[in-house]
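Undergrad: Following this message is one structure expressed as structure tokens.
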Amino acid sequence: MPQTAFEIVAECPATGARAGLLHTPHGVIETPVFMPVGTQGTVKGLTERDLAAELDVRILLANTYHLYVRPGPELIRGLGGLHRFMSWDRAILTDSGGFQVFSLSGLRRITEEGVVFQSHLNGDLHTFTPESTVDTQLALGSDIMMVLDECPEYPVSREYARQAMERTVRWAGAAFRHYRTRMAGMSTRHALFPIVQGSVYPELRRECAGRLLELEAEGYAIGGLSVGEPRAESMAAVEAVAPLLPRERPRYAMGVGMPEELAEYVARGVDMMDCVLPTRNARNGCLFTSTGRVIIKQARYRDDPRPLDEGCDCYTCTRYSRAYLRHLFMSREMLYSVLATRHNVKHYLDRMRDIRHAIVLGVLPEHLRAVRSIPAEAG
RNA sequence: GGACGGGUGGGUGAGUGGUUAAAACCAACAGACUGUAAAUCUGUCGCCCCUUGCGGGCUACGGAGGUUCGAAUCCUCCCCCGUCCA
-16 MPQTAFEIVA
-6 ECPATGARAG
4 LLHTPHGVIE
14 TPVFMPVGTQ
24 GTVKGLTERD
34 LAAELDVRIL
44 LANTYHLYVR
54 PGPELIRGLG
64 GLHRFMSWDR
74 AILTDSGGFQ
84 VFSLSGLRRI
94 TEEGVVFQSH
104 LNGDLHTFTP
114 ESTVDTQLAL
124 GSDIMMVLDE
134 CPEYPVSREY
144 ARQAMERTVR
154 WAGAAFRHYR
164 TRMAGMSTRH
174 ALFPIVQGSV
184 YPELRRECAG
194 RLLELEAEGY
204 AIGGLSVGEP
214 RAESMAAVEA
224 VAPLLPRERP
234 RYAMGVGMPE
244 ELAEYVARGV
254 DMMDCVLPTR
264 NARNGCLFTS
274 TGRVIIKQAR
284 YRDDPRPLDE
294 GCDCYTCTRY
304 SRAYLRHLFM
314 SREMLYSVLA
324 TRHNVKHYLD
334 RMRDIRHAIV
344 LGVLPEHLRA
354 VRSIPAEAG
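So in our numbering, the last one in the first sequence is 362, and the numbering has no gaps at all.
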């Protein structure tokens, strides 16, 4: 069995959702899984102890572009790799920089060979190719690497979406050729996932998936989601693609989603997700609870003695009131971000654990109905 | 007692005759955030009106008068505050 292997534990007969185990060189991950985002080698506001000992996070993300421009992959390699650098001995998935093609669209130029980024820090030019991006991620010591892709904006014409999709397929092929060569001389294992693109055009999505299957990758990602398209379009894109991807390989929906959407993606065959919402929104005052959203700065919470989420046993909810959290937020105290992030990440992890549990018990359809009945705003 | 300086919307503080309901910042209130250029960004922020549009009415720059077509802006008196001199 390769070191990064996927094992299906249970399947929902009604939806095809799966509960599985993803084996990596840095531990086993129960799927479906939500992966907190640690772009710069840190999940903002959380320590390794918070993540591992308290939240039991098994895998988190880091970002190739951001770590490349600062502090640089060779520095990290010289310090023993990203795991040691950030004191994280569990799994790490690194995004390739493909998302920065979208988010830093004003600072990059796409060519057939790759992407030239103008550093958002100091303006220096950096060329990312499918091959160099694999090398950078190997320098970091990533467990699951992503191919360089082109994440197009929304809306985008069918013609451009096709160009971007075909370029992404070509880049994936180049990345995999380079990857196989590099792997041949290495003892440690690192997986490489290609990324399905095609914007909101199902036929492009399907074609892309079909062509990427030839790579026989250890897992497949669906990218280009949550770039401004209506939620129904994101779901449709996943519905178009997931059934075409190998059942025995994990499927990763990149950059999603809202808490209530997690179960929807899982029900469409997704095994892995990541999103900045729990961490970013926490810092910006938007907290997710089992009874809906709490926007903590609202005046209604000024003297609210209740815990943020009555149904949550996280560090924050077992110790602090909404009134205190609001006070910290309004005072711009750094403790606010720490407590808020701990809770929001816990909420996402709990949601995923509940979904997995429902799959194992064979009650995912009932679980879906329950999730859909949660109001948007907490009372 | 005298000489200066100053009193502006919840706060700090611009503005020195009209396009000023009054800059900017803060506070307050509300919204956004989806493979993180984010401890960020946006909106509202005197009152009342058809929620109709850069719409209408009223009130407002210490107080009271006055000059002027028009005053937060100019004049007079008064009341406060600060600094300095006696």
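Don't be surprised by glycine CBs; every beta carbon is placed ideally from N, CA and C. Quantities reported herein were computed from a predicted structural model and do not represent experimental measurements.
#1: Would you call the region 138 to 147 and the region 104 to 119 in contact, with 3 or more CB pairs under 8 angstroms?
#2: Determine which residues share a DSSP beta bridge with Y235 and list them.
#3: According to DSSP, simplified to helix, strand and coil, what is A265?
#4: So, S304 versus G28, is the Cβ gap smaller than 8 angstroms?
#5: Hey, quick one: how far does the alpha helix (DSSP H) through D337 stretch, first residue to last?
#6: Inspect the CB distances between the region 264 to 276 and the region 292 to 299 and report whether three or more fall short of 8 angstroms.
#7: Taking all protein chains shown into account, do 16 or more other C-beta atoms lie within 10 angstroms of the C-beta of P138, making it buried, or fewer, making it exposed?
#8: Pull up the distance between the alpha-carbon of H161 and that of I279, whole angstroms please.
#9: Can you name the residues that DSSP bridges to F(-11)?
#10: Give the range of the beta strand (DSSP E) segment to which V99 is assigned.
#11: Does the count of Cβ pairs from the region 236 to 252 and the region 333 to 341 closer than 8 angstroms reach three?
#12: Would you kindly work out how many angstroms separate the C-alpha atoms of R352 and L344, rounded to a whole number?
#13: Are the CB atoms of G202 and Y235 nearer to each other than 8 angstroms?
#14: Quick one: what does DSSP say E197 is sitting in, helix, strand or coil?
#15: What's the gap between the Cα of R165 and the Cα of M129?
#16: Beta-carbon within less than 6 angstroms of H350's beta-carbon, same chain only, minus the 5 sequence neighbours each way: which residues are those?
#17: Assuming M169 is part of the alpha helix (DSSP H), what are its boundary residues?
#18: Could you name the residues that DSSP lists as bridge partners for D78?
#19: Per the contact definition of three or more C-beta pairs closer than 8 angstroms, is the region 212 to 226 in contact with the region 171 to 183?
#20: Use the C-beta contact count for Y50: other C-beta atoms within 10 angstroms, 16 or more gives buried, fewer gives exposed.
#21: Would you list the one or two residues that DSSP bridges to S304?
#22: Can the beta-carbon of I12 be found less than 8 angstroms from the beta-carbon of I(-9)?
#23: Evaluate contact between the region 62 to 75 and the region 101 to 112, counting only Cβ atoms and requiring at least three cross-stretch pairs below 8 angstroms.
#24: According to DSSP, simplified to helix, strand and coil, what is I279?
#25: Ordered along the chain, which non-local residues of its own chain (more than five positions away) have a Cβ less than 8 angstroms from that of T324?
#26: Under a three-way DSSP split, which group does V224 fall into?
#27: Under the rule that 16 or more other beta-carbon atoms within 10 Å means buried, what is P(-15), buried or exposed?
#28: To the nearest angstrom, how far is it from the Cα of L34 to the Cα of Q101?
#29: I need the straight-line Cα distance from M60 to A(-3), nearest angstrom please.
#30: Taking buried to mean at least 16 other C-beta atoms within 10 Å of its own C-beta, is D126 buried or exposed?
#31: Tell whether a beta-carbon distance below 8 angstroms holds between T77 and T47.
#32: For M129, does the three-state DSSP call read helix, strand or coil?
#33: In three-state DSSP terms, what is R92?
#34: Please tell me whether M255 and P15 are closer than 8 angstroms, where the distance is taken between their beta carbons.
#35: Output needed for G81: all residues of its chain with C-beta closer than 6 angstroms, excluding positions within five of it in sequence on either side, in chain order.
#36: Let me confirm a value: M18 is counted as buried when at least 16 other C-beta atoms fall within 10 Å, else exposed. Which label applies?
TA: Quick answer:
#1: no
#2: Locating residue 235 in the first sequence gives position 252, counting from the first residue. According to DSSP, Y235 bridges with A204, M255.
#3: Within the first sequence, residue 265 is the residue found at index 282, counting from 1. Three-state result, A265: helix.
#4: Residue 304 sits at position 321 when you count from the first residue of the first sequence. Residue 28 sits at position 45 when you count from the first residue of the first sequence. Between S304 and G28, the C-beta gap is not smaller than 8 angstroms, which leaves the two residues out of contact.
#5: Counting from one through the first sequence, the residue named residue 337 turns up at place 354. Start and end: 317 to 344.
#6: yes
#7: For the purposes of this step, residue 138 is identified with residue 155 of the first sequence, where counting begins at 1. Under this definition P138 is an exposed residue.
#8: Position 178 of the first sequence, counted from the start, is the residue given in the question as residue 161. Position 296 of the first sequence, counted from the start, is the residue given in the question as residue 279. Each residue's Cα considered, the two are about 48 angstroms apart.
#9: Counted from its first residue, the first sequence places residue -11 at position 6. Per DSSP, L5.
#10: Along the first sequence, read from residue 1 onward, the residue named residue 99 stands at position 116. Its beta strand (DSSP E) spans residues 98 to 101.
#11: yes
#12: As a working mapping, residue 352 is identified with position 369 in the first sequence. As a working mapping, residue 344 is identified with position 361 in the first sequence. Their backbone Cα atoms lie some 15 angstroms apart in a straight line.
#13: Stepping through the first sequence from its first residue, residue 202 is reached at position 219. Stepping through the first sequence from its first residue, residue 235 is reached at position 252. Against a cut-off of 8 angstroms, the Cβ pair of Y235 and G202 comes out as a contact.
#14: Taking the first sequence and counting its residues from 1, the one referred to as residue 197 is at position 214. Note: E197 maps to coil in three-state DSSP.
#15: Here residue 165 refers to the residue found at position 182 of the first sequence. Here residue 129 refers to the residue found at position 146 of the first sequence. Between the C-alpha atoms of R165 and M129 there is a straight-line separation of about 15 angstroms.
#16: As a working note, residue 350 is residue 367 in the first sequence. Hits under 6 angstroms: A341.
#17: Position 186 of the first sequence holds residue 169. From DSSP, M169 is part of no alpha helix (DSSP H); its letter is neither H nor E.
#18: Walking along the first sequence from the start, residue 78 turns up at place 95. Its beta-bridge partners are N46.
#19: yes
#20: As a working note, residue 50 is residue 67 in the first sequence. Contrary to the premise, residue 50 reads as Leu rather than Tyr in this sequence. L50 should be labelled buried.
#21: Residue 304 sits at position 321 when you count from the first residue of the first sequence. Answer is P290.
#22: Walking along the first sequence from the start, residue 12 turns up at place 29. Walking along the first sequence from the start, residue -9 turns up at place 8. I12 places its beta carbon 8 angstroms or farther from that of I(-9).
#23: Under the Cβ criterion (8 angstroms, minimum of three pairs), the region 62 to 75 does not count as touching the region 101 to 112.
#24: The residue labelled residue 279 in the question sits at position 296 within the first sequence. The answer is coil: DSSP assigns I279 none of H, G, I, E or B.
#25: Position 341 of the first sequence holds residue 324. So the qualifying residues of the chain are V26, K27, G28, L29, P261, T262, A265, R266.
#26: The residue you call residue 224 lines up with position 241 of the first sequence. Looking at V224 - three-state DSSP - the assignment turns out to be helix.
#27: Translated into positions along the first sequence, residue -15 becomes position 2. The predicted model places P(-15) with a pLDDT of 49, which falls under 50 and marks its position as unreliable; any figure quoted below should be read in that light. With fewer than 16 other Cβ atoms within 10 Å, it is exposed.
#28: For the purposes of this step, residue 34 is taken as the residue at position 51 of the first sequence. For the purposes of this step, residue 101 is taken as the residue at position 118 of the first sequence. Taking the straight line joining both Cα atoms gives about 33 angstroms.
#29: For the purposes of this step, residue 60 is identified with residue 77 of the first sequence, where counting begins at 1. For the purposes of this step, residue -3 is identified with residue 14 of the first sequence, where counting begins at 1. For the sequence presented, residue 60 should be read as Arg rather than Met. Going by the C-alpha atoms only, they are around 46 angstroms apart.
#30: Here the question's residue 126 lines up with position 143 in the first sequence. Result: buried.
#31: Taking the first sequence and counting its residues from 1, one reaches residue 77 at position 94. Taking the first sequence and counting its residues from 1, one reaches residue 47 at position 64. Going by C-beta atoms, T77 is nearer than 8 angstroms to T47.
#32: What you label residue 129 is simply residue 146 of the first sequence in a count that begins at 1. Here M129 sits in strand by DSSP.
#33: Here residue 92 refers to the residue found at position 109 when the first sequence is read from its first residue. Reduced to three states, the DSSP call for R92 is strand.
#34: As a position in the first sequence, residue 255 is number 272, starting the count at 1. As a position in the first sequence, residue 15 is number 32, starting the count at 1. Yes, these two residues count as a Cβ contact at 8 angstroms.
#35: Reading the first sequence from its first residue, position 98 is the one you call residue 81. L131, D132, C134.
#36: As a working mapping, residue 18 is identified with position 35 in the first sequence. Answer is buried; the Cβ neighbour count reaches 16.
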